[in-house]
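Protein chains: 2
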Amino acid sequence: MTIYDIAKRAGVSSATVSRVLNNGPVKPSTKELVMRVIKKENYIPDSRGIYLKKLQTKRIGLIVPDITNPGYPLTVKIVHDFLKEKGYHLILGNTYGEISEEKDILEMMLRERVAGIIVGTCEGEDDTALYPLFRNIINNGIKIIFMGKKRDGLPVDILTVDNTKGTYRITNYLLKTGRKKIGFITGSKNLRATEERLAGYRKAIIEKRISFHIDNVICEGTYTIENGERWGESILSKGVDAIVCGNDLIAIGVIKAAEKLNIKIPKDVAITGFDDIPLASLIKPSLTTVRQPREIAEKGCEILIERIEGKRQGAPEEILFEPEIIIRESA
Amino acid sequence: MTIYDIAKRAGVSSATVSRVLNNGPVKPSTKELVMRVIKKENYIPDSRGIYLKKLQTKRIGLIVPDITNPGYPLTVKIVHDFLKEKGYHLILGNTYGEISEEKDILEMMLRERVAGIIVGTCEGEDDTALYPLFRNIINNGIKIIFMGKKRDGLPVDILTVDNTKGTYRITNYLLKTGRKKIGFITGSKNLRATEERLAGYRKAIIEKRISFHIDNVICEGTYTIENGERWGESILSKGVDAIVCGNDLIAIGVIKAAEKLNIKIPKDVAITGFDDIPLASLIKPSLTTVRQPREIAEKGCEILIERIEGKRQGAPEEILFEPEIIIRESA
DNA sequence: CTGATTTTTGAAACCGATTACAAAATACTT
DNA sequence: AAGTATTTTGTAATCGGTTTCAAAAATCAG
Numbered sequence: 004m005t006i007y008d009i010a011k012r013a014g015v016s017s018a019t020v021s022r023v024l025n026n027g028p029v030k031p032s033t034k035e036l037v038m039r040v041i042k043k044e045n046y047i048p049d050s051r052g053i054y055l056k057k058l059q060t061k062r063i064g065l066i067v068p069d070i071t072n073p074g075y076p077l078t079v080k081i082v083h084d085f086l087k088e089k090g091y092h093l094i095l096g097n098t099y100g101e102i103s104e105e106k107d108i109l110e111m112m113l114r115e116r117v118a119g120i121i122v123g124t125c126e127g128e129d130d131t132a133l134y135p136l137f138r139n140i141i142n143n144g145i146k147i148i149f150m151g152k153k154r155d156g157l158p159v160d161i162l163t164v165d166n167t168k169g170t171y172r173i174t175n176y177l178l179k180t181g182r183k184k185i186g187f188i189t190g191s192k193n194l195r196a197t198e199e200r201l202a203g204y205r206k207a208i209i210e211k212r213i214s215f216h217i218d219n220v221i222c223e224g225t226y227t228i229e230n231g232e233r234w235g236e237s238i239l240s241k242g243v244d245a246i247v248c249g250n251d252l253i254a255i256g257v258i259k260a261a262e263k264l265n266i267k268i269p270k271d272v273a274i275t276g277f278d279d280i281p282l283a284s285l286i287k288p289s290l291t292t293v294r295q296p297r298e299i300a301e302k303g304c305e306i307l308i309e310r311i312e313g314k315r316q317g318a319p320e321e322i323l324f325e326p327e328i329i330i331r332e333s334a
Numbered sequence: 004m005t006i007y008d009i010a011k012r013a014g015v016s017s018a019t020v021s022r023v024l025n026n027g028p029v030k031p032s033t034k035e036l037v038m039r040v041i042k043k044e045n046y047i048p049d050s051r052g053i054y055l056k057k058l059q060t061k062r063i064g065l066i067v068p069d070i071t072n073p074g075y076p077l078t079v080k081i082v083h084d085f086l087k088e089k090g091y092h093l094i095l096g097n098t099y100g101e102i103s104e105e106k107d108i109l110e111m112m113l114r115e116r117v118a119g120i121i122v123g124t125c126e127g128e129d130d131t132a133l134y135p136l137f138r139n140i141i142n143n144g145i146k147i148i149f150m151g152k153k154r155d156g157l158p159v160d161i162l163t164v165d166n167t168k169g170t171y172r173i174t175n176y177l178l179k180t181g182r183k184k185i186g187f188i189t190g191s192k193n194l195r196a197t198e199e200r201l202a203g204y205r206k207a208i209i210e211k212r213i214s215f216h217i218d219n220v221i222c223e224g225t226y227t228i229e230n231g232e233r234w235g236e237s238i239l240s241k242g243v244d245a246i247v248c249g250n251d252l253i254a255i256g257v258i259k260a261a262e263k264l265n266i267k268i269p270k271d272v273a274i275t276g277f278d279d280i281p282l283a284s285l286i287k288p289s290l291t292t293v294r295q296p297r298e299i300a301e302k303g304c305e306i307l308i309e310r311i312e313g314k315r316q317g318a319p320e321e322i323l324f325e326p327e328i329i330i331r332e333s334a
């Protein structure tokens, strides 16, 4: 069933059917006639024809490391709902932190000529190897925004939480509640988020002129429960009274380690996380943490659509969001 | 950059470029020349042109109630990975249990002329209102499979866990461990899954000739923690020694209710769930439950692709999967 | 009723690819 | 070297829509 079939059945030309479909100028009686045929035949136009001629699409690509990682489903939901509202729809890609996977997915999205891509891969590998591909995509008129992780040297809008402010504030909160020996555990150092979160912690410590042992600051391994457990055991046995963790998963690992060592939380040691994943409020003790504001996803979609529809011009921006401290049982 | 631009730069015709792209018969030296131009220009062909001419696409639609509901992210991941392997990609739609949303999404997927649709909406409303749309989609040559919920009267493959067997087995397990007064709490009755899960429970009870009070069997409200909490309080105060729940969320609600009433699990009362969502192993006490086998998602993709590629013919099938009992702390 | 103006319509080109068909180039036989 | 078979290539039609342009129909003014 094509537009020509409809045209023939209605006794008009395909141009007229197209006008009916697009609210073009058509005599009311003709319009009604054509509409009746469309309804009767359950005709829904083929986007392949439309997009080919209009040289644009209503598709948005969303790239995440792993949809089963906590936090991402909510991001996907927010993006999905915003896009649907605006008449766009979602192509999803998981990279699993693999550059080759991300490359495949980006190329697929370019082949599909999506209108825009939201890159939400804030974990995992260094992806400078993909910069040429990003540039190629941009040259094809596809708009990109980055969420969660900064990358230098690409003309792309970037939205992130203010990492430094987040750890600075939560460390200050620990200091205010009387903690004196505060450790820090995070994932591997060569991510910009790691550096920034470390910087916030250091700033708070240094401002209060607290001496701190470099041994109690760990920037190694991955942002996982297992890694938190490993380093948690190591640091807890050295006698700290608080640990600031680089994300919630690491914090959960540290809590597990404390349980094993029979250390009470928050009495003996306070633990804080980062991200406020859904699990954070469900575990025992529930986790005091820094919330990634959900406005990042909303604002990201908004900016992307504005770029696509030409309502936002000018140089790409880097937008920082205020972190929010969520106080629960663990600190 | 189109195929004509490449052709011009390489001094050949568009047909030759197309042959290079599709491994058609081309003189090796020409092929190399064209390849060089393609590489140099970072040319990636536009799927709009390809799909329009080939009258098919490599898109698969996946419909779920809500990606943030536990269990769905894993399904999405499994489907995503399987499809990527086969050269397809994923368009995602959330329905939130709303018929109108589901209609929008189905129409979008029809407009996009996806090759197939995986419908994973096993919660929520009765959707017979959408049957004409489903039929229209099928008439357009788009293959559909249903996952998790049965629907009668549509020529579509259906994959579900054997609900009856699941509750039958877990109720028997409770009986074997010495429980005598076993209650049952599930969501609203007019879902086929509700009926089946209830049937399994009843079969086990009746076989053992245990008398049971109709008051201890609740089929009302939604499949949520809140609903479980509400009915949990009601039934627990009447003195049962076990409760079979229609899904894990309800079971978690019942556990909360037990905590409030200071009833010990599993000493005083055993609680079981259904689905084995990720949370089930993380809460305290961890939840004894029936696992929805992950093969449902895998097999579903496999069948869908086979249907699309014509490797599977014949009448649609209804495939039941063996439930697995996962024994943890709560029973 | 005629001519000018406006509204409505259709024919045909076009978007970016693929492919049937025929022509051109090359390889093989004798 | 000429004739045949095979490989390689290009022209043009096609997929399902939209849109430009001009023609046809309807409306209006006098």
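Residue numbers (our numbering), protein chains in the order written: chain A, 4 to 334; chain B, 4 to 334. Beta carbons are placed, not taken as given, at the ideal position from N, Cα and C, and that holds for glycine.
Option in the options with minimal Cα separation from residue i
i	options	result
Val-1 (chain A)	A:Glu-88, A:Pro-288 and A:Ile-41	Shown here, chain A extends from 4 to 334; a query on residue 1 (chain A) therefore has no answer.
Lys-168 (chain A)	A:Asn-97, A:Glu-327 and A:Ile-238	A:Glu-327
Asp-251 (chain A)	A:Asp-8, A:Cys-125, A:Ala-245 and A:Asp-279	A:Asp-279
Phe-324 (chain B)	B:Ala-318, B:Lys-211, B:Lys-314 and B:Gly-303	B:Gly-303
Cys-248 (chain B)	B:Ser-240, B:Ser-284, B:Thr-291 and B:Lys-263	B:Thr-291
Thr-124 (chain B)	B:Asn-265, B:Ile-311 and B:Val-67	B:Val-67
Asp-155 (chain B)	B:Thr-174, B:Pro-319, B:Ala-334 and B:Pro-76	B:Pro-319
Ile-308 (chain A)	A:Leu-36, A:Asn-45, A:Val-15 and A:Gly-64	A:Gly-64
Ile-217 (chain B)	B:Thr-71, B:Phe-277 and B:Tyr-204	B:Tyr-204
Glu-312 (chain A)	A:Gly-100, A:Pro-296, A:Tyr-91 and A:Ile-70	A:Tyr-91
Ile-94 (chain A)	A:Tyr-226, A:Val-122 and A:Arg-331	A:Val-122
Glu-232 (chain B)	B:Ile-286, B:Ile-213, B:Arg-200 and B:Ile-258	B:Ile-258
Cys-222 (chain B)	B:Trp-234, B:Arg-200, B:Ser-237 and B:Ser-191	B:Ser-191
Thr-170 (chain B)	B:Pro-31, B:Arg-294 and B:Ile-213	B:Arg-294
Beta bridge counterpart(s) of residue i as assigned by DSSP
i	result
Phe-324 (chain B)	B:Val-164
Lys-183 (chain A)	In DSSP, Lys-183 (chain A) forms no bridge with anything.
Thr-275 (chain A)	A:Val-247 and A:Thr-291
His-92 (chain A)	A:Arg-62
Thr-189 (chain A)	A:Cys-222
Ile-329 (chain A)	A:Thr-292
Exposure label - residue i; buried when at least 16 CB within 10 Å
i	result
Arg-62 (chain A)	buried
Asn-265 (chain B)	exposed
Asn-230 (chain B)	buried
Asp-129 (chain B)	exposed
Pro-135 (chain A)	exposed
Glu-115 (chain B)	buried
Thr-78 (chain B)	buried
Lys-146 (chain A)	buried
Lys-263 (chain A)	exposed
Ala-300 (chain A)	buried
Tyr-226 (chain B)	buried
Lys-80 (chain B)	buried
Pro-31 (chain A)	exposed
Leu-58 (chain B)	exposed
Alpha helix (DSSP H) segment containing residue i, residue limits
i	result
Asn-230 (chain B)	228-239
His-83 (chain A)	75-89
Tyr-99 (chain A)	Where Tyr-99 (chain A) is concerned, there is no enclosing alpha helix (DSSP H), given that its DSSP letter is neither H nor E.
Ala-196 (chain A)	195-210
Ile-280 (chain B)	Where Ile-280 (chain B) is concerned, there is no enclosing alpha helix (DSSP H), given that its DSSP letter is neither H nor E.
Leu-24 (chain B)	17-24
Met-38 (chain A)	31-44
Gly-303 (chain A)	298-311
Lys-267 (chain A)	Lys-267 (chain A) -> no alpha helix (DSSP H), and no H or E assigned at all.
Arg-12 (chain B)	6-13
First and last residue of the uninterrupted beta strand (DSSP E) at residue i
i	result
Ile-221 (chain B)	220-222
Mind listing, in chain order, the continuous alpha helix (DSSP H) runs of no fewer than 4 residues lying wholly within the region 46-72 of chain A?
50-57
Quick one: complete beta strand (DSSP E) runs, 3+ long, within the region 110-157 of chain A?
119-122 and 146-150
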